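J.:
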Ligand code: SAH
Ligand code: SF4
Ligand code: F3S
């Protein structure tokens with residue numbers, strides 16, 4: 551028998567890249583590769599990259615630089631770049647870093663085995679096409695290995711929204727939904743292998759139309775799978791939250807009370823210039839509707855500060871919106887100019903202004919996060935146990951609201967294993983997690 555070759559994958563960017571990396575690793579398993587967690591003994595290094603902000607994209611080149619020595623020592627080592635930088639910069643990558651053997655865009659992963667063979671034969675291999683078919687169907691299916699209690703499942707890809715700051719519509723292409731039957735099959739298989747919680751993924755996941763009743767319809771169907779206990783989805787666009795999906799938050803028990811619903815800014819002028827196609831008030835109304843069906847819904851969001859032409863007054867509108875919503879968690883970024891996007895051509899906000907706004911915004915958001923976390927003390931939640939904690943006997947899992955919860959109390963955590971769903975009373979709140987006591991089951 552020949553020794554298996556070793557594949558090292560490093561993943562940047564969003565959860566969709568995490569899912570893609572898993573699928574690529576599995577597909578390469580069929581080509582005689584096993585995964586390794588260090589680049590040092592790898593026969594192939596694959597960087598699954600992100601182009602969303604300048605810093606993310608530049609990381610790829612510095613990471614590649616680090617492999618120069620390895621490649622010199624081991625001429626057979628193949629280096630590949632996948633993901634959104636591969637899509638956006640294609641040949642430019644090979645020009646800047648001649649040691650790269652293979653470049654593959656996010657819609658061409660099913661061609662990875664062919665591309666790898668081409669690279670092995672000493673040629674440069676590049677594919678950044680946007681084929682029509684579902685790449686996940688063409689990608690070799692998952693091996694029957696046991697899985698942990700949580701998994702991602704991509705149901706939709708691409709984006710047609712063209713927010714003025716964003717590269718995703720260019721790197722991932724137009725919105726495509728996977729057929730519901732294939733998703734159901736994959737979900738059942740994952741549940742058979744131990745998964746208890748599924749997070750449905752899409753760049754615009756609620757624009758999903760592979761089911762005749764949209765994402766809400768798909769979620770209701772998934773909820774019928776025995777053994778699947780929790781469903782989440784991310785990332786949503788406010789304009790695609792249809793009536794049925796809103797209703798599902800109230801009547802589908804398996805759909806968790808946590809929603810990531812990015813708004814980016816609170817000023818109508820900026821929202822318009824961002825091409826978000828809704829106002830701040832419409833967003834707040836939507837949240838009101840969601841909370842009327844699910845009062846304990848925890849919200850999370852994404853914010854950009856220092857978008858071109860954002861004034862101090864516009865920024866104050868964002869702070870006001872945040873105060874009105876009260877987020878459970880949030881991600882916030884300084885606007886980053888991206889080549890080829892409309893906003894990159896406009897008058898930029900000075901860097902020190904951006905830094906100052908980001909600091910103030912993050913102070914408010916972390917204060918809110920803290921307050922909501924502290925408000926959990928004394929409440930009973932259910933925790934899906936994921937793994938052992940750092941201290942002996944301790945286990946860690948997630949609450950319905952996606953808070954990490956440590957089960958601490960002496961002896962109580964005994965006999966509890968990953969995949970168990972247990973009732974817990976929250977007793978204290980740490981930096982980024984909660985601590986609780988196991989309740990009698
Ligand atoms: N599809 C999702 C998110 C995609 S990217 C949505 O529509 O919300 C994730 C986040 O990165 C965005 O929500 C936005 O806050 C941030 N982002 C995207 N482009 C950016 C840019 N040019 N500069 C700074 N942040 C950006
Ligand atoms: Fe980017 Fe906007 Fe599409 Fe989200 S909705 S991926 S921010 S273009
Ligand atoms: Fe980044 Fe591409 Fe995801 S740009 S955020 S990896 S869709």
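Residue numbers (this note's numbering): 551 to 991. Note that CB positions come from ideal geometry on N, CA and C, so glycine has one too. For clarity, every value in this text was computed on a predicted model and none was experimentally measured.
#1: According to the neighbour-count rule (16 or more other Cβ atoms, all chains shown, within 10 Å of its Cβ), is residue 701 buried or exposed?
#2: Our contact map puts residue 893 next to residue 942 with C-beta atoms below 8 Å; I'd like the distance itself, whole angstroms only.
#3: Which whole runs of the alpha helix (DSSP H) in the region 561-643 are 4 residues long or more, in chain order?
#4: Give the straight-line distance between the Cα atoms of residue 796 and residue 839, rounded to the nearest whole angstrom.
#5: Closer than 8 Å is the cut-off here; do at least three beta carbon pairs connect the region 802-819 with the region 844-863?
#6: Round the Cβ separation of residue 687 and residue 569 to the nearest angstrom and send it over; I've been treating them as touching at under 8 Å.
#7: In chain order, what are the residues with a CB under 6 Å from some non-hydrogen atom of the ligand F3S?
#8: Just mark residue 865 as buried or exposed, buried being the case when its beta carbon has 16 or more other beta carbons within 10 Å.
#9: Closest by CA to residue 685, which one among 670, 738, 708?
#10: With a threshold of 16 other CB atoms inside 10 Å of the CB of residue 985, please say whether the residue is buried or exposed.
#11: Answer with yes or no whether the minimum CB distance from residue 879 to chain C is below 8 Å.
#12: Who are the Cβ neighbours of residue 951 in its own chain at under 6 Å, not counting the five residues just before and after it?
#13: Beta-carbon within less than 6 Å of residue 953's beta-carbon, same chain only, minus the 5 sequence neighbours each way: which residues are those?
#14: Taking the alpha helix (DSSP H) that residue 687 falls in, what are its first and last residues?
#15: Can you tell me whether residue 885 sits near the ligand SAH, meaning its C-beta is under 7 Å from at least one heavy atom of the ligand?
#16: Ends of the alpha helix (DSSP H) at residue 721?
#17: Are the beta-carbon atoms of residue 618 and residue 651 separated by less than 8 Å?
#18: Measuring CA to CA, which of 596, 957, 670 is closest to residue 659?
#19: Closest by CA to residue 820, which one among 593, 854, 837?
#20: Out of 790, 869, 801, 805, which has the shortest C-alpha to C-alpha gap to residue 836?
#21: Compute the Euclidean distance between the alpha carbons of residue 712 and residue 974, then round it to the nearest angstrom.
#22: Going by the beta-carbon positions, is the gap between residue 601 and residue 784 smaller than 8 Å?
#23: So, residue 825 versus residue 787, is the Cβ gap smaller than 8 Å?
#24: Using 8 Å as the cut-off, can you tell me whether the region 901-916 makes contact with the region 875-888, which would need three or more C-beta pairs spanning the two stretches below that distance?
#25: Please return the same chain residues whose Cβ sits closer than 8 Å to the Cβ of residue 869, not counting the five positions on each side in sequence.
#26: Beta carbon of residue 918, beta carbon of residue 876: below 8 Å?
#27: If distances are taken between C-alpha atoms only, which option among 771, 922, 639 comes closest to residue 679?
#28: Would you mind sorting residue 777 into buried or exposed? The rule is 16 or more other CB atoms within 10 Å of its CB.
#29: Taking the C-alpha atoms as reference points, what is the distance between residue 729 and residue 830?
#30: Would you call residue 871 buried or exposed, if buried means 16 or more other Cβ atoms sit within 10 Å of its Cβ?
#31: In three-state terms, what does DSSP make of residue 818?
#32: May I have the straight-line CA-CA distance separating residue 933 from residue 939, to the nearest angstrom?
#33: Taking all protein chains shown into account, do 16 or more other C-beta atoms lie within 10 angstroms of the C-beta of residue 978, making it buried, or fewer, making it exposed?
#34: The ligand SAH and residue 787: does any heavy atom of the ligand fall closer than 7 Å to the residue's C-beta?
#35: As a quick exercise: from 606, 769, 775, pick the residue whose alpha carbon is nearest that of residue 800.
#36: Select from 899, 779, 608, 723 the residue whose C-alpha is nearest the C-alpha of residue 862.
T.: Once the coordinates are examined:
#1: Within the chain shown, numbered from 1, the residue matching residue 701 stands at position 151. Within 10 angstroms of the beta-carbon of residue 701 lie 16 or more other beta-carbons, which makes it buried.
#2: Taking the chain shown and counting its residues from 1, one reaches residue 893 at position 343. Taking the chain shown and counting its residues from 1, one reaches residue 942 at position 392. With a contact defined as Cβ atoms closer than 8 Å, residue 893 and residue 942 miss out at about 52 Å.
#3: Runs of the alpha helix (DSSP H) inside the region 561-643: 565-579, 604-616, 618-623.
#4: Within the chain shown, residue 796 is the residue found at index 246, counting from 1. Within the chain shown, residue 839 is the residue found at index 289, counting from 1. Their Cα atoms are separated by approximately 8 Å.
#5: Contact between the region 802-819 and the region 844-863 is present, because at least three Cβ pairs lie under 8 Å.
#6: For the purposes of this step, residue 687 is taken as residue 137 along the chain shown, with counting starting at 1. For the purposes of this step, residue 569 is taken as residue 19 along the chain shown, with counting starting at 1. At roughly 15 Å, the Cβ-Cβ gap does not stay under 8 Å, so residue 687 and residue 569 are not in contact.
#7: Those residues whose C-beta sits under 6 Å from the nearest heavy atom of the ligand F3S are, from N- to C-terminal order along the chain, 563, 564, 566, 567, 600, 601, 602, 633, 634, 717, 718, 721, 722, 753.
#8: Within the chain shown, numbered from 1, the residue matching residue 865 stands at position 315. Under this definition residue 865 is a buried residue.
#9: Residue numbering aside, residue 685 sits at position 135 when the chain shown is read from its first letter. For residue 685, the closest of 670, 738, 708 by C-alpha to C-alpha distance is 708.
#10: As a working mapping, residue 985 is identified with position 435 in the chain shown. The Cβ neighbour count for residue 985, taken over all protein chains shown within 10 Å, is at least 16; the residue is labelled buried.
#11: Protein chains in the displayed structure number just one, and chain C is not present.
#12: As a position in the chain shown, residue 951 is number 401, starting the count at 1. 808, 848.
#13: Position 403 of the chain shown holds residue 953. Excluding residues up to 5 positions away in sequence, 984 lie with their Cβ nearer than 6 Å to the Cβ of residue 953 in the same chain.
#14: In the chain shown, the residue the question calls residue 687 occupies position 137. Start and end: 685-688.
#15: The sequence position of residue 885 within the chain shown is 335, counting from 1. Yes, the beta carbon of residue 885 sits closer than 7 Å to at least one heavy atom of the ligand SAH.
#16: For this step, residue 721 is matched to residue 171 along the chain shown. Counting along the chain, the alpha helix (DSSP H) containing residue 721 begins and ends at 718-721.
#17: Working through the chain shown from its first residue, we reach residue 618 at position 68. Working through the chain shown from its first residue, we reach residue 651 at position 101. Taking the C-beta atoms as reference points, residue 651 is found no nearer than 8 Å to residue 618.
#18: Counted from its first residue, the chain shown places residue 659 at position 109. Per the Cα distances, 596.
#19: By one-based count along the chain shown, residue 820 stands at place 270. Comparing alpha carbon positions, the residue from 593, 854, 837 closest to residue 820 is 854.
#20: Reading the chain shown from its first residue, position 286 is the one you call residue 836. Cα-wise, what sits closest to residue 836 is 790.
#21: Within the chain shown, numbered from 1, the residue matching residue 712 stands at position 162. Within the chain shown, numbered from 1, the residue matching residue 974 stands at position 424. If you take the alpha carbons of residue 712 and residue 974, they lie about 43 Å apart.
#22: By one-based count along the chain shown, residue 601 stands at place 51. By one-based count along the chain shown, residue 784 stands at place 234. Not closer than 8 Å, so no.
#23: Looking up residue 825 in the chain shown gives position 275. Looking up residue 787 in the chain shown gives position 237. Contact: no.
#24: Result yes; three or more Cβ-Cβ pairs closer than 8 Å.
#25: Residue mapping note: residue 869 aligns to position 319 of the chain shown, counting from 1. Excluding positions up to five away in sequence, the list reads 816, 910, 911, 914.
#26: The residue you call residue 918 lines up with position 368 of the chain shown. The residue you call residue 876 lines up with position 326 of the chain shown. For residue 918 and residue 876, yes; Cβs fall inside 8 Å.
#27: On the chain shown, position 129 is the one that residue 679 refers to. Closest option to residue 679, Cα to Cα, is 639.
#28: Mapped onto the chain shown, residue 777 falls at position 227. Residue 777 is exposed by the Cβ-count criterion.
#29: Residue numbering aside, residue 729 sits at position 179 when the chain shown is read from its first letter. Residue numbering aside, residue 830 sits at position 280 when the chain shown is read from its first letter. Rounded to whole angstroms, residue 729 to residue 830 spans 33 Å at the Cα level.
#30: Along the chain shown, one-based indexing puts residue 871 at 321. That one is buried.
#31: Position 268 of the chain shown holds residue 818. For residue 818, the secondary structure class from DSSP, reduced to helix, strand or coil, is helix.
#32: Mapped onto the chain shown, residue 933 falls at position 383. Mapped onto the chain shown, residue 939 falls at position 389. Their backbone Cα atoms lie some 14 Å apart in a straight line.
#33: As a working mapping, residue 978 is identified with position 428 in the chain shown. By the neighbour-count rule (16 or more Cβ atoms within 10 Å), residue 978 is not buried but exposed.
#34: Counted from its first residue, the chain shown places residue 787 at position 237. Yes, the ligand SAH has a heavy atom inside 7 Å of this Cβ.
#35: As a first step, residue 800 must be located in the chain shown, where it is residue number 250. Closest in C-alpha terms to residue 800, from the list 606, 769, 775, comes 769.
#36: Taking the chain shown and counting its residues from 1, one reaches residue 862 at position 312. Minimum Cα distance to residue 862 is reached at 899.
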